[in-house]
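One structure is given here, and the rest of the page talks about it.
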Amino acid sequence: MKLAVKALTAQVCLWSSSAFVSRSTARSAASLAAQLSMSAAVHKGDAESAQYTLYASAQCPYAQRSVITANELGVPFKLHPIELGRDNKQDWYQKINPLGKVPAVQAGDDIVVESLVINEYLVEKFGADATSTLMPADALGRALVRIAVQRSSQLVDAYMGYLRTGDAEKEEAFVKELNNLEQILAKSTSGWLVGQHMTLADVAYFPFFERAIPCLAAFRGFDWDAAGVPHVMSWFERCKSRPAVAETLRKDPHEWVDIYSKYLGVPTK
């Protein structure tokens, strides 16, 4: 028990001391549903009997966070694919989320929006019945997960800034964030960001790495092999091996390059 407390305390120091920098392609509903599949091996029940509707886009990393969480918990949800730029601007969806963002979860008249909020909501609703440990049982562990989740936005902002501009200053900010994550994972005894299992912290980061790895290489010539982040790359593969995550992956990672080339309007290197 004392060793576990010491390990968690060490992780508090790592997350607290790390220097974090502040800051579409049209697809049919059928293809989106296939991309964000609902395999009976992962979900309780079936789509017809599901009480929860999850509005998501296969292109959106924020939505992917919540699909992974729902998969991991075995939430009995019905997926409603949203084509960004079209469906999210419709009056019916504006009533679900006036900001027009995905994801959103609806159960009867109850609606929850924002991926990180949705993820905790799902854990609170379904975590007790799940074998998953997306949120630790102890207060300190939960605090660490929330710190890590909050800090994920720093890496996301740095990554998106670098991807959009290719600016040297933006690249430096991204590399700094990447190295911070490498340091944390290098000290992890489990290979996960917090504790001994995958948590919402890992879920918060993963979708952005699925896109960043092929896109930064293609558009900015970023050399992941030379980046010196072996623990980050091992963590990425570990995440991919989870069935709940594998359900959401692109069959070909380079599809992201095609999608983002339209989004960015720039050629690959």
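In full-length UniProt numbering, the protein residues as written are 1 to 269.
Where is the CB? At the ideal position from N, CA and C, for every residue including glycine.
Computed from a prediction, not measured in an experiment: that's the story for all the values here.
Please determine, among K101, V145 and A128, the residue with the shortest C-alpha to C-alpha distance to residue 270. Outside the modelled stretch of the chain, which goes from 1 to 269, sits residue 270, for which no answer is possible.
Original post:
Under the three-state reduction of DSSP, which class applies to T53: helix, strand or coil?
Top reply: Residue 53 sits at position 53 when you count from the first residue of the sequence shown. Strand, per DSSP.
Worksheet entry | Rounded straight-line distance, which links the Cα of C215 to that of A260 | Along the sequence shown, one-based indexing puts residue 260 at 260. Along the sequence shown, one-based indexing puts residue 215 at 215. What sits at residue 260 in the sequence shown is Tyr, not Ala. The alpha-carbon atoms of Y260 and C215 are separated by roughly 7 Å.
Extent of the continuous alpha helix (DSSP H) run through L200 | The residue you call residue 200 lines up with position 200 of the sequence shown. Unbroken alpha helix (DSSP H) run through L200: L200 to R220.
| P243: first and last residue of the uninterrupted alpha helix (DSSP H) it sits in | Your numbering for residue 243 matches position 243 in the sequence shown. Run containing P243: P243 to A246, per the alpha helix (DSSP H) assignment.
Given that a residue counts as buried once 16 or more other Cβ atoms are within 10 Å of its Cβ, and exposed if not, what is W256?
Reading the sequence shown from its first residue, position 256 is the one you call residue 256. So W256 ends up on the buried side.
| query | Can you name the start and end residues of the beta strand (DSSP E) that D110 belongs to? | reply | Walking along the sequence shown from the start, residue 110 turns up at place 110. Unbroken beta strand (DSSP E) run through D110: D110 to V113.
Which residues does DSSP list as the beta-bridge partners of F136?
Against the sequence shown, residue 136 aligns to sequence position 136. Inspection of the sequence shows that residue 136 is occupied by Pro rather than by Phe. None; P136 has no bridge partner.
Inter-residue spacing [alpha-carbon to alpha-carbon] between R250 and C60: Start at 1 with the first residue of the sequence shown, and residue 250 comes out as number 250. Start at 1 with the first residue of the sequence shown, and residue 60 comes out as number 60. If I take the Cα positions, the gap works out to 12 Å.
For this session: Report the three-state DSSP secondary structure of V105 (helix, strand or coil).
Result: By one-based count along the sequence shown, residue 105 stands at place 105. Reduced to three states, the DSSP call for V105 is strand.
query = For G195, is the classification buried or exposed, using 16 other Cβ atoms within 10 angstroms of its Cβ as the cut-off for buried?
reply = If you number the sequence shown from 1, residue 195 lands on position 195. Burial call: buried.
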